[in-house]
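Have a look at the structure below, then the notes.
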Amino acid sequence: MLESILERLSEAQREAVTHVEGPLLILAGPGSGKTRVVTHRIAYLLARGVSDAEILALTFTNKAADEMRNRLAQLAPGNRVWLGTFHRFCAQQLRRHAPLVGLKENFSILDARESQRVVQEVVEKLQLQHALISPESIGRAISNAKGEAITHHAYQAARFDPASQILVQVYPEYARRLLAANAADFDDLLMHFVTILRENPELRAEYDRRYRFIMVDEYQDTNLTQYSIARALSIDHPNLAVTGDPDQSIYGWRGADLNNILEFEHDFPRVRVVRLERNYRSTRSIVDAAQALIERNRRRKAKTHYSEKEQGPPVRVVQYPDGQTEARSIAGSIRDQITNGGCAASDFAVLYRVNSLSRVLENAFREYGLAFQIVKGVEFYSRQEVRDIISYLQLLNNPANDVALKRIINTPARGIGATTVKHLEDFAEQAQLPLWEACRRSGTIDGIAPRSALQVVRFVALMDNLHACLTHPVSSLVHAVIEDSGYSTALRDSHDPSDQDRLSNLHELVTAAREFEEHSTLDPTLENFLEQTALVNDTDDLQAGEQVTLMTLHAAKGLEFDAVFIVGVEQGLIPHRRRDADADRDEEEERRLLFVGMTRARSALQLSFAGRRSLHNKSETAIPSPFIFDLPRDLIEFSTASADLPAGAAEGLFDPASSAGSGVDDEYCQEPGPDEPYFELDGERNTRRGDRPARPGGGPASISTAAELFQLPQAFPESSPGSAAAHESSAAVDTAGGQAGRNGQDGTAFQIGSWVAHPDYGTGQIVWRERAASLEFVKVRFCDNPKLRRFAVKHSPLRIVAGPQSE
DNA sequence: ATTCGCAAAGTTTTT
DNA sequence: CTTTGCGAAT
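Heads up, the first sequence is in this note's numbering, so the first residue is 40 and it goes up one at a time.
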């Protein structure tokens, strides 16, 4: 049993897997088999007799949790280890102990927009509008404070800082409103749990005992609050194992604190540190170039990435005259390699720093008739119409939820205007009642016209009727809300074509509810469904189909592709120029971002920059990113592409296995000529960067307040390494976070470029695909109409008439 | 109460 | 250039 878990692990991997007691830090470089190690370690603990109820595995994203769960299920079928996101874990615990922080167990979870809305209201109410400090930045500041476990009681304004002067007023009122609405924002889920642990030592000890073995994934992304949770549960039983990679920390801007991982050894003395440095994913050229880049960072832990795969072709660095040429050339190259090089579209990814760069690429890909998908951030559950219906459900579940009530009291329009709502609010505030109770008393409130009061009464009756449906299955309740609220009628009667999309999204919500009933491991209650919709986003699934993937560098984390293009590697883009351009700290994070992007590639990698870049329709001269100069000359191949591409010409990124083929036909891809190269990748400039002055900062990281919150005991059991017979079979080729299609829908039929027929609109061509809530959507341009129409493939009468063709 | 029009802004993103 | 939000007008 133990043997079978340990076979096919490298020595370093095995060391991590067999570590049982005591703190463990796994520094896992890209492609080093991290997920494999985590899942195998859990399986190993189980095999050694640890009860599955004693193990807690925390991740940041549902995607990571799903992947781990699936892989663990294969190693330890039927296990009941708690494995999931921080937020879900905390939400569940918070339900149990809600009264300890002034909530009730049926509290609602506000999404980012809703909580921002509340911030805005508070700012207006307190008359704190400030010319330079936007409500958004105040919201961010509150979120940051919560990410450091600073409650509104504890928050102190820095004396002369105008932003914190405002915050010190807004934060408490914001917190008060959320409590009054029996609601928590995302950050609250974690912070309230920390508060509970902090104020209830016996409860903390109980949790500590209950979860004797804790694992935290992507530890470099933890903020102080998350750190505090992990730490609080690892005092009496400090068997905390974290995996992470400081070099892949790219979320500092959202509160992730690199110190948590850099100081782990300090916070947990006698920690075992395992470095997974071998990269099983990429060729040596790629790994070595990425290593050279990341070595320039100072705030990191020494770690040398290496590969024992073949050398592979050098990393290509290409200069294009402008962004359009860049896009076309890449599209041409990919098309060429698909038609001549035997590659599949799904082998390729194009990465960029900012979403706005996707547009040129989109156009070029369309022009070249390539199937592609853009991974974007609009989540199904945050669409307006979906959010509206969810608000009805939230109000049914938690009548105190004023945020939800205000959202839907007049959606769809039912004659309850701003004035009426204002009166209701005033009354509610005066009487210290939820808005909902004010609605019940609308007839008795001064200032509300009888006609308006009647409408409110009808709204109350509507909700009361729906309330009677609470005993029905969630999906029928959702259906009832959509129908009885008048929402579906309003959409059906609308002349705005996009309202039809909205309607199909709502049908999809019913389907999601049904799937939840049938497949969820949780009780299919309304409350659990609401939690699901708040904490899960359905679009982090990539489609599997045959298409090139376009996405931001951030979105690429955890994925891998045979060939990767990174575009716009220019000053101002990578590193990105910010408003408050501060410090090396940011530059290092940007370098890590490029490092993450580069290490997505298995066998071919190209970085490119342009001489001119038009962004927001302004064309400006562009200068190559300084990071380009960090790459060692002997690992890269530099070339310049000229402006006038022969249509359809392509350069080879791959040296295809048969490098003779259509590999590098350099019609517009020459070595930089002697005639004043605009840009020269020169050894001298390259080395000069090496000896720049040492940074003064970087001092000892201040030890987090969490250390004061939760003291560690002086001693804990000596770690006992499992004595597994070590025979090396280092064939462990694992793709950490490797992405496989696990969506049901087959991607072959409805492709970009396919011709389809519709009974009403005639024939048209698919120009866009997307996926939301396990449903596939396409946009179609019909012959007689320039306007795009969007359809849910499953529900639409579309019929394929011809395969993909370029226009 | 809805609709229209104009102004302003425009990193990255999970939960 | 595009999107989004707010304010004025009907």
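Glycine residues also receive a C-beta, built at the ideal position from the N, C-alpha and C atoms.
Buried versus exposed, by CB contacts within 10 Å (16 or more), SER681
The residue in question, SER681, is exposed, as its Cβ has fewer than 16 Cβ neighbours within 10 Å.
Cα-Cα separation between THR378 and HIS79, rounded to whole angstroms
Distance between the alpha carbons of THR378 and HIS79 is about 40 angstroms.
Given a cut-off of 8 angstroms on the beta-carbon distance, is the pair SER273 and ASP247 in contact?
Yes; because the gap between Cβ atoms is below 8 angstroms, this pair is in contact.
Look at the Cβ atom of LEU167, then the Cβ atom of GLN195, and state whether they are nearer than 8 angstroms.
Result no, Cβ atoms of LEU167 and GLN195 do not sit closer than 8 angstroms.
Nearest to LEU644 by alpha carbon, out of LYS415, ASP485, PHE677?
Restricting attention to LYS415, ASP485, PHE677, the CA atom closest to the CA of LEU644 is found in PHE677.
Between THR100 and LEU574, how many whole angstroms is the CB-CB distance? I'm expecting something under 8 angstroms.
Not a contact, Cβ separation roughly 11 angstroms.
Among GLY362, SER514, PRO671, GLU424, which one has its Cα closest to the Cα of GLU659?
The shortest C-alpha separation from GLU659 is found at GLY362.
When the Cα atoms are used, what is the spatial distance from SER147 to ALA222?
Each residue's Cα considered, the two are about 5 angstroms apart.
Only counting the same chain, and skipping five residues up and downstream in sequence, which positions put a Cβ closer than 7 angstroms to that of ILE662?
If the five residues before and after ILE662 are omitted, its C-beta is found closer than 7 angstroms to the C-beta atoms of GLU609, GLN610, all from its own chain and listed in chain order.
When the Cβ atoms of the region 116 to 134 are set against those of the region 541 to 552, are three or more pairs found closer than 8 angstroms?
Here the region 116 to 134 does not lie against the region 541 to 552, with fewer than 3 beta-carbon pairs under 8 angstroms apart.
Would DSSP call HIS462 helix, strand or coil?
HIS462 falls in the helix class under three-state DSSP.
Check ARG838 in the structure and name its three-state DSSP category.
Judged by DSSP in its simplified three-state form, ARG838 adopts strand.
Whether or not the region 625 to 641 and the region 427 to 443 are in contact is what I'm after, with contact meaning three or more pairs of Cβ atoms, one per stretch, closer than 8 angstroms; do they touch?
Contact fails between the region 427 to 443 and the region 625 to 641, because fewer than three Cβ pairs, one in each stretch, are under 8 angstroms apart.
Measure the C-alpha to C-alpha separation of ALA410 and VAL77 and round it to an integer number of angstroms.
Taking the straight line joining both Cα atoms gives about 35 angstroms.
Taking the straight line between their C-alpha atoms, what separation do you get for LYS857 and ALA477?
With the chain covering 40 to 846 only, the question about residue 857 has no answer from this structure.
Roughly how many angstroms separate the alpha carbons of ALA24 and GLN423, rounded to a whole number?
The displayed coordinates of the chain run from 40 to 846. Any statement about residue 24 would go beyond what the structure contains.
DSSP state of GLY88, grouped into three classes?
In this structure, DSSP gives GLY88 a state outside helix and strand, which the three-state scheme calls coil.
Restricting to Cα atoms, I'd like to know which of THR679, ALA388, PHE225 is closest to ILE605.
Checked all of THR679, ALA388, PHE225; the closest Cα to ILE605 is ALA388.
Relative to the alpha-carbon of SER421, which residue among TRP121, ALA112, LEU149 has its alpha-carbon at the smallest distance?
Out of TRP121, ALA112, LEU149, LEU149 has the C-alpha closest to the C-alpha of SER421.
Shortest alpha-carbon distance to ASP275 belongs to which of ASP375, LEU400, PHE252?
Sorting ASP375, LEU400, PHE252 by C-alpha distance to the C-alpha of ASP275 places PHE252 at the top.
Would you mind giving the Cβ-Cβ distance between ILE428 and VAL517, rounded to the nearest angstrom? I have them listed as a contact below 8 angstroms.
Contact between ILE428 and VAL517 holds: CB atoms are separated by about 7 angstroms, below the 8 angstroms threshold.
Rounded to whole angstroms, what's the CA-CA distance from ALA500 to GLU464? Just pull it up for me.
One alpha carbon belongs to ALA500, the other to GLU464, and they sit about 19 angstroms apart.
Return the residue from the list ALA640, GLU245, THR459 that minimises the CA-CA distance to ILE487.
Among ALA640, GLU245, THR459, the Cα nearest to that of ILE487 belongs to THR459.
Neighbourhood of ALA214 by C-beta distance below 7 angstroms, restricted to the same chain and skipping five residues each side
Setting aside the 5 residues that flank it on each side, ALA214 is surrounded in the same chain by HIS191, each with a C-beta closer than 7 angstroms to its C-beta; the list follows chain order.
By the three-class DSSP mapping on this structure, what secondary structure does PHE387 have?
Here PHE387 sits in strand by DSSP.
Residues of its chain near ALA384, where Cβ-Cβ distance is below 8 angstroms and the 5 sequence neighbours each way are ignored
Sequence-distant partners of ALA384 (beyond 5 residues in either direction) whose C-beta falls short of 8 angstroms from its own C-beta, in its chain, are ILE373, ILE377, LEU409, ALA410, PHE411, GLU585, GLN586, VAL587.
Flag this pair as yes or no: are the beta carbons of GLY217 and ASP226 separated by less than 8 angstroms?
The identity of residue 217 in the sequence shown is Leu, whereas the question assumes Gly. No, Cβ-Cβ distance for LEU217 and ASP226 is not below 8 angstroms.
Alpha carbon to alpha carbon, how far is ASP485 from GLN159?
Our two residues, ASP485 and GLN159, have alpha carbons roughly 27 angstroms apart in a direct line.
Assign TRP292 to one of two classes, buried (16 or more other C-beta atoms within 10 Å of its C-beta) or exposed (fewer than that).
Result: exposed.
If you count every other CB in all the chains shown that lies within 10 Å of the CB of PHE303, and 16 or more means buried, which is it?
Buried.
To the nearest angstrom, report how far apart LEU41 and VAL255 are at their CA atoms.
Note on geometry: alpha-carbon atoms of LEU41 and VAL255 lie some 23 angstroms from one another.
Taking the alpha helix (DSSP H) that LYS102 belongs to, which residues open and close that run?
Its alpha helix (DSSP H) spans residues 101 to 114.
So, for GLU212: in the same chain, excluding its five sequence neighbours on each side, which residues have a beta-carbon less than 7 angstroms away from its beta-carbon?
Counting only Cβ-Cβ distances below 7 angstroms, and skipping sequence neighbours, we find VAL161, LEU165.
Between the region 318 to 325 and the region 341 to 351, can you find at least three pairs of beta-carbon atoms closer than 8 angstroms?
Three or more Cβ pairs drawn from the region 341 to 351 and the region 318 to 325 lie within less than 8 angstroms of each other, which places the two stretches in contact.
Grouping DSSP H, G and I as helix and E and B as strand, with all else coil, what is ILE455?
Looking at ILE455 - three-state DSSP - the assignment turns out to be coil, as it is neither helix nor strand.
Please tell me whether VAL817 and VAL832 are closer than 8 angstroms, where the distance is taken between their beta carbons.
It is a contact, given that the beta carbons lie within the stated cut-off.
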